[in-house]
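Here the protein sequences come in this chain order: A and B.
1 is the number of the first residue of the first sequence in the numbering used here; add one for each residue after it.
244 is the number of the first residue of the second sequence in the numbering used here; add one for each residue after it.
Okay, structure first, notes after.
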Amino acid sequence: MPRYAMVIDQERCVGCQSCTVACKSEWDVPNGGARTKVRQTGTAGQFPKLTNSFYVSQCNHCDRPTCVPACPTGATYQEASGIVRVNRDLCIGCGSCVAACPYGARYINASLGKVDKCDFCASRVEKGLQPTCVTTCPGHAKIFGDLEDRSSDVFRLVYRETARRMESSTVAIGPNVYYAGKPEHAELALASFAPVPPRLIAPTTVWRSFLNKFVYLAVGATFLGQAVAFFHQLSSGEKQFEE
Amino acid sequence: MASSTIEVAPLPLTVERAEAMAQRQIKKHHVAIVLLHWFNATSWLLELSTGAGLIVSPYYRFAPVWYLQVMEGIFGSRANMLRFHIAVGLTWITVFLVYAIFGFRNYLRIEVVQHEIGLDNDDVEWLKVRTLRLLGKSQDVLPPQGVYNAGQKMFALLVYGAVPLIMLTGLIMTFHWFGTAIVAWAMVLHFFTVGMVVSGLMIHIYMGAVFPEEKPAFYSMITGMVNELYAYQHHFKWWREVKVQEQAWRERIIEQEKLRAGAAGEPKEPAPSESPSVPKERL
Numbered sequence: 001m002p003r004y005a006m007v008i009d010q011e012r013c014v015g016c017q018s019c020t021v022a023c024k025s026e027w028d029v030p031n032g033g034a035r036t037k038v039r040q041t042g043t044a045g046q047f048p049k050l051t052n053s054f055y056v057s058q059c060n061h062c063d064r065p066t067c068v069p070a071c072p073t074g075a076t077y078q079e080a081s082g083i084v085r086v087n088r089d090l091c092i093g094c095g096s097c098v099a100a101c102p103y104g105a106r107y108i109n110a111s112l113g114k115v116d117k118c119d120f121c122a123s124r125v126e127k128g129l130q131p132t133c134v135t136t137c138p139g140h141a142k143i144f145g146d147l148e149d150r151s152s153d154v155f156r157l158v159y160r161e162t163a164r165r166m167e168s169s170t171v172a173i174g175p176n177v178y179y180a181g182k183p184e185h186a187e188l189a190l191a192s193f194a195p196v197p198p199r200l201i202a203p204t205t206v207w208r209s210f211l212n213k214f215v216y217l218a219v220g221a222t223f224l225g226q227a228v229a230f231f232h233q234l235s236s237g238e239k240q241f242e243e
Numbered sequence: 244m245a246s247s248t249i250e251v252a253p254l255p256l257t258v259e260r261a262e263a264m265a266q267r268q269i270k271k272h273h274v275a276i277v278l279l280h281w282f283n284a285t286s287w288l289l290e291l292s293t294g295a296g297l298i299v300s301p302y303y304r305f306a307p308v309w310y311l312q313v314m315e316g317i318f319g320s321r322a323n324m325l326r327f328h329i330a331v332g333l334t335w336i337t338v339f340l341v342y343a344i345f346g347f348r349n350y351l352r353i354e355v356v357q358h359e360i361g362l363d364n365d366d367v368e369w370l371k372v373r374t375l376r377l378l379g380k381s382q383d384v385l386p387p388q389g390v391y392n393a394g395q396k397m398f399a400l401l402v403y404g405a406v407p408l409i410m411l412t413g414l415i416m417t418f419h420w421f422g423t424a425i426v427a428w429a430m431v432l433h434f435f436t437v438g439m440v441v442s443g444l445m446i447h448i449y450m451g452a453v454f455p456e457e458k459p460a461f462y463s464m465i466t467g468m469v470n471e472l473y474a475y476q477h478h479f480k481w482w483r484e485v486k487v488q489e490q491a492w493r494e495r496i497i498e499q500e501k502l503r504a505g506a507a508g509e510p511k512e513p514a515p516s517e518s519p520s521v522p523k524e525r526l
C-alpha cells in the first residue's frame, strides 16, 4: 500500500501561482476558493541580510487528521494510502472540518454547497498520473511520490535529506506535505503561517457538551417511566374486563 | 333545550346501559387521519433508523459502530442511506404539506387546535392522577377529558412545536439554504427536536400499544371507531359533544319529517315529544 507525500522545495519556488491556476482549472474551483495557493511571507531580517519565502499551502493529508473526526456524516475520510478525501454525496457543507483544519486547507464551494480541498488529485494518481500542480510547476518545486518506495524522490528528500513538516510546538498532527530548501525559508514560512490549533465550531461544542446529554436524559427518563408502568402492568396481571 | 337531557358529568352506569354502550361504536378518527398516522409512523421508523446511522462523528455519535456497519450493509453505502433518508423526508414533508393545505379547515384552524389540544384545569388534574395511578399510588377517578386526554395533548403540543422545526432544519441541510453557519446549527437543532419527540414517543407507544386501559384507542387508529363505553369513561367531554350533535341531528330529522307531513297535508302527528326514544341505532 503506498503512502503518498509531497515535498515542496522552497528554494525552487518563485511564487508564480502556476500551481494555483492549474488546480483551479482542473477542479473547477470557484472564485474566492482555492485547493492550493502560494502565499508570500514578505521580507524579513535586517538589511543587508534579508530573506523572503513562498509558502505553498494545501491539504497536508495528515497522519492524525483533525478534520476527519469533526465531520458529522463521515464525508471526510482517510484512505489507506493516507489521502484525506471528501465524499460529496455525504457532505452537507456544515463547515465543521473547515474550522478543524489547522492549515486553512478547506473552503466551502458555494456553488455546490459542499466542502472542497486538495486530494492529491486522487483520480489522476489512480491512473498513474502526477497531481496537476506537480506537472505544471515550471521550477519543479513540487515533488510527489510514495514514501514506501525507497527509490522515490520524496523518500530521499524526507528520509535522507532535510525536508521538514510544518509543525509547531502546539500543532503536530503529522502533515504529509514536507518543505525542502534552506532551513530559514521553512522557519520564516512557519513563523508567518503557523498552523492554528484545530477549532470545534459552536454547534459541535453545544451538541457534545450538553445537548446530547439533555436528549439522552429526556429519552431515558420517559423510557424509564413507561418501563416502570409496564412492569406494574405485568405484575398486576391483565383482567378479562377492564374497569 | 335538547341537550339538557344529556348528563353534564359522568354518572355511575347501570349494567344495561354499560352493555348497550359497549355495543355501540362511534367515530373517532377520519380515515384520512388513520392513513396519515400510519404513514407518519412508518416515516418516523425509517427516518430514525437511517438518521441514527448518519451521525458518525465520534464527538457526538450515539449509535454503536456495529449499528453503523449494519446500516451501511443494508444500504450498500452511507451515501445511499443519506439519499434514502432525504427521499423519505421529502415525501413526508410533501404529504404533510398537502394535509396542511387540504385539511386546514377541519384540523388546523386555531379554534380547532385550541379545542382539541389546549390544556385546561381538568387536564392538569388528570396528569397528576394518571401518573399516580400508573405507579399504583392512587385509585382516584380521572377527571373528564375531551377528544384527546391531557397526555395526548401534551404529546401533540410537543409534536406541533417540533415537527415544523424538524422539517425546516432537514430542508436547510438538504438544500444548503442560508449558508454554512446556518446548516451547522440546523444539524444540532434537527438532532435536538427529534430527540424531544422521541422522548415523547416512548410514552406515546406504550400508552397506545401496550397499556391495557387505552386498548380501544389503539384499535381506533385502525378502524377509526371506538365503543361508546370507552368514550364515556375516557373521553367524557367528547362523548357529550357527540351526543349533543346526535340530539341536534335527530331534531333536524324530526323537523324535516314534520314539514314533509305538513306539505303532504297529512294531519298525523309524528310525536315530537318523544325525541329521546327516537331510533337508537344511529351511530
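Built from N, CA and C at the ideal position, the CB exists for glycine as well.
Because the structure is a prediction, the values reported are computed rather than measured.
Contact test: residue i Cβ vs the ligand GTP heavy atom, cutoff 7 Å
i: B/R267; result: Among the ligands in the structure shown, none appear at all, so the ligand GTP cannot be discussed.
Residue i (DSSP reduced to helix, strand or coil)
i: A/T41; result: coil
i: A/N52; result: coil
i: B/F461; result: helix
i: A/R85; result: strand
i: A/G145; result: strand
i: A/N176; result: coil
i: B/S286; result: helix
i: A/N212; result: helix
i: A/Q130; result: coil
i: A/D9; result: strand
i: B/Y391; result: coil
i: B/M314; result: helix
i: A/Y103; result: coil
i: A/N60; result: coil
i: B/I269; result: strand
i: A/Q78; result: strand
i: B/Q382; result: coil
i: A/I108; result: strand
i: B/Q357; result: helix
i: B/W369; result: helix
i: B/M439; result: helix
Within-8 Å CB hit, residue i to chain A
i: B/F454; result: yes
i: B/M464; result: no
i: B/Y391; result: no
i: B/T423; result: yes
i: B/Y403; result: no
i: B/S300; result: yes
i: B/F398; result: no
i: B/M416; result: yes
i: B/V384; result: no
Residue closest to residue i, alpha-carbon to alpha-carbon, out of the options
i: A/C13; options: A/C67, A/T41, A/G93; result: A/T41
i: B/A275; options: B/A399, B/I298, B/D365, B/F347; result: B/F347
i: A/A141; options: A/N87, A/P48, A/P2, A/V7; result: A/V7
i: A/F223; options: B/I298, B/W335, B/Y342, B/M439; result: B/M439
i: A/P102; options: A/T170, A/Q17, A/G15, A/P2; result: A/T170
i: B/Y350; options: B/A322, B/I409, B/R326, B/V390; result: B/V390
i: A/I92; options: B/H478, B/I465, B/F421, B/V441; result: B/F421
i: B/N576; options: B/G467, B/E250, B/Y342; result: Here chain B has residues from 244 to 526 only, and residue 576 of chain B is not among them.
i: B/L311; options: B/A322, B/R326, B/A295; result: B/A295
i: B/I441; options: B/L278, B/H273, B/L288, B/L256; result: At residue 441 of chain B the sequence reads Val, which differs from the Ile that was named. When only C-alpha atoms are compared, the closest one is B/L288.
i: B/V437; options: A/G181, A/L211, A/P131; result: A/L211
i: A/Y159; options: A/A172, A/Y178, A/E167; result: A/Y178
i: B/P407; options: B/L432, B/I425, B/P386; result: B/L432
Neighbour flag for residue i against chain B, beta carbons, 8 Å
i: A/W27; result: no
i: A/A254; result: As displayed, chain A neither begins before 1 nor continues past 243, which places residue 254 of chain A out of reach and without an answer.
i: A/D116; result: no
i: A/F120; result: no
i: A/D89; result: yes
i: A/S123; result: no
i: A/F155; result: no
i: A/P197; result: no
i: A/S152; result: no
i: A/A80; result: no
i: A/I201; result: yes
i: A/P69; result: yes
Chain-ordered chain D contacts of residue i [CB-CB under 9 Å]
i: A/G225; result: In summary, chain D is missing from the structure at hand, where the protein chains are A and B.
**Item:** Three CB pairs or more closer than 8 Å across the region 344-363 of chain B and the region 126-144 of chain A
**Value:** no
**Request:** Report yes or no: do the region 459-479 of chain B and the region 266-275 of chain B share at least 3 C-beta pairs separated by less than 8 Å?
**Result:** yes
**Stretch-stretch touch, CB-based, cutoff 8 Å, three pairs: the region 46-53 of chain A with the region 105-119 of chain A** = no
**Item:** Three CB pairs or more closer than 8 Å across the region 301-319 of chain B and the region 491-507 of chain B
**Value:** no
**Message:** Taking contact to mean 3 or more Cβ pairs, one atom from each stretch, closer than 8 Å, check whether the region 328-342 of chain B and the region 405-424 of chain B are in contact.
**Reply:** yes
**Prompt:** When the Cβ atoms of the region 15-35 of chain A are set against those of the region 183-202 of chain A, are three or more pairs found closer than 8 Å?
**Reply:** no
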